[in-house]
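Engineer: Going by this note's numbering, the first residue of the sequence shown is number -1, and it counts up by one from there.
Glycine residues also receive a C-beta, built at the ideal position from the N, C-alpha and C atoms.
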Amino acid sequence: MLGTSPAISDEMYSNVHLWNDIYSGQAPWLSGSVKSLNLAAAISSELARLVTLEMSSSITGGKRADFLSKQYAPVLKNLRRAVEFACAGGGVVFKPYLSGKNIGVDIIRSDQFFPIAFDCSGNISSAVFISRKKIGKKYFALLEIHELSENGVEITNTAYSSDSPYSLGSKVALSCVDEWASRAAKVRISGVSSPLFAYFKMPFANNLDPDSPLGVSAFSRAVGLIEQADKHFASIMWEYEGSELAVDASIDLFAKDDAGNITLPKGKERLFRAFDIDSLRDGAFLKQFSPQIRDTSLFNGLDKIFKRIEFNCGLSYGSISEPSSSEFTATEIISSKQRMYSTVSDIQKSLENALRDLIRAINVWTSAAKLAPEGEYDLSFSWDDSIIIDASAEQKIRLEEVNSGILAPEQYLSWRYGLSLEEAKKLLPKKDV
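(1) Contact between the stretch 67 to 81 and the stretch 127 to 134: three or more CB pairs below 8 Å?
(2) Can you tell me the Cα-Cα spacing of A86 and V49, whole angstroms?
(3) With distance defined between alpha-carbon atoms, name the residue in V90, R358, I101, T341 nearest to P72.
(4) Taking buried to mean at least 16 other C-beta atoms within 10 Å of its own C-beta, is R75 buried or exposed?
(5) Which residues in the same chain have their Cβ closer than 7 Å to the Cβ of V214, if we skip the five residues on either side of it in sequence?
(6) If you draw a straight line from the C-alpha of F138 to the C-alpha of W363, how long is it?
(7) Report all residues from its chain with a CB closer than 6 Å to the CB of R414; omit the five preceding and five following residues, and keep chain order.
(8) Output the boundary residues of the beta strand (DSSP E) element that contains Y158.
(9) Return helix, strand or coil for A39, following the three-state DSSP convention.
(10) Three-state secondary structure (DSSP) at D117?
(11) So what's M(-1) in DSSP terms, helix, strand or just coil?
(12) Can you find the residues in the same chain that come closer than 6 Å, C-beta to C-beta, to L356, ignoring five residues on each side of it along the sequence?
(13) To the nearest angstrom, how far is it from the Cα of I318 to the Cα of R337?
(14) Kindly list the residues whose CB is nearer than 7 Å to the CB of D301, restricted to its own chain and excluding five residues on each side of it in sequence; keep chain order.
(15) Taking the straight line between their C-alpha atoms, what separation do you get for L369 and I187?
(16) Which of the three DSSP states, helix, strand or coil, is assigned to L369?
(17) Where DSSP assigns a beta bridge to Y375, which residues make up the other side?
(18) Mark G98 as exposed unless 16 or more other C-beta atoms lie within 10 angstroms of its C-beta, in which case mark it buried.
(19) Between which two residues does the beta strand (DSSP E) harbouring S412 extend?
(20) Judging by CA-CA distance, which residue of Y11, D104, G150, G189 is the nearest neighbour of L140?
(21) Applying the criterion that 16 or more other CB atoms from any shown protein chain within 10 Å of the CB defines a buried residue, is M10 buried or exposed?
(22) If we call anything under 8 Å between Cβ atoms a contact, is S159 one with V170?
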């Protein structure tokens, strides 16, 4: 129907959907007794928080830069959400599109697009993007195909309508959905040598499908451990329910209704358990049921699984496990923090590359639609490094260096308050003449 074939293996396709199912609390191992601990969502959320923590990015220059900055602002506002989706599914696509006199940006999750071609470096050059919308009882799907060739980029938009969310159905006009009405059925932009979208993928090696250039989920190497954790926690809950305080009693001790059914004390139904026997153990008609709970050993086992998940996902110990560090040496704690820093730093580098590609694509759309005067722009980034650096310890070291004369006071003030050296000098107390 589309006239093209996705360049993704069945194994990779299955993994992408598995990661997104686990993230959304629909893992295949969940049941009535086994509930999700939402570890996948917690891991993705924590990484997204650390990646975007105090992150800043700006576009400077002339009028062209001002226009690009205006289009960039909504992306930055929703960036943490986009990073979380990428951590969960292995990557997201930032796809700009013409929206009147502005450029909108769609955030496409990993299960909403299919690559159809890659360049010699393994980067996606052509892809199919799927947007879905339900209006009343009808299901609509927009298929947007981006194809890069020597002549430039060709974009084709096609809408479909169906009575089922599991099929495309029949082709309909783009105007059937208000959000898609302004999109052209076909657009050609010549003189473009790179795709008009940016793929932000996780920087981890794809050990599940080494031949695929697609990214893998941040928790892809801990899927089995997450399953163990969910099931282990279900065992703990069963332990609590199974050891719940109760009183075993003969049915002869309870009143009966008109139908001959016993009636347990109101509000105490969970406390009493009636048995149709002449007597209970040891000839007693009442027996308290209060077994010892093994919660300590069970929770210790669960915490061990958590720590293994943290290691496999590149997190520091205490991210999801108990933050106690008594069992770790100072070297292990530092190594744990460095592992987290390395993970976050690698994701930040990948994100910066994707955002640069995004602004380049927005710039192409701006020129094609003549939305702003031609001109140069400068895109800058600033990332927070407090994950590995203990601010209080660093401050103490710098103060000691000032006191020993190694560091000038104005240099300390410049670092402490983010001032220039000239501004910092003005804050120094004046010496008495």
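Structural biologist: In terms of the structure at hand:
(1) Verdict: no, contact absent.
(2) If I take the Cα positions, the gap works out to 14 Å.
(3) With distances taken between Cα atoms, P72 lies closest to I101.
(4) Residue identity differs from the one stated: residue 75 is Lys in this sequence, not Arg. The Cβ neighbour count for K75, taken over all protein chains shown within 10 Å, is under 16; the residue is labelled exposed.
(5) Here the set comprises G88, M200, F202, N204, L206.
(6) Whole-angstrom Cα-Cα distance: 26 Å.
(7) Cβ neighbours of R414 beyond the five flanking positions: none.
(8) 150 to 160 is the span of the beta strand (DSSP E), which, as asked, contains Y158.
(9) In the three-state DSSP reduction, A39 falls in the helix class (H, G or I).
(10) DSSP places D117 in coil when its eight states are reduced to three.
(11) With a pLDDT of 44 at M(-1), under the threshold of 50, the predicted position of this residue should be treated as unreliable, though the coordinate-derived value follows. Residue state, collapsed to three classes: coil.
(12) Excluding its 5 nearest sequence neighbours in each direction, L356 has C-beta neighbours in its own chain below 6 Å: F92, A196, listed in chain order.
(13) Using only the alpha carbons, I get a separation of about 15 Å.
(14) Taken in chain order, the residues that qualify are S319, E320.
(15) Taking the CA atoms as reference points, L369 sits about 15 Å from I187.
(16) When DSSP states are grouped into helix, strand and coil, L369 belongs to the coil group.
(17) Per DSSP, G59.
(18) Answer is exposed; the Cβ neighbour count stays below 16.
(19) That residue, S412, is in no beta strand (DSSP E); its alpha helix (DSSP H) goes 407 to 415.
(20) Of the listed residues, the one whose Cα sits closest to L140 is D104.
(21) Label assigned to M10: buried.
(22) With a cutoff of 8 Å on beta-carbon distance, S159 and V170 are scored as near each other.
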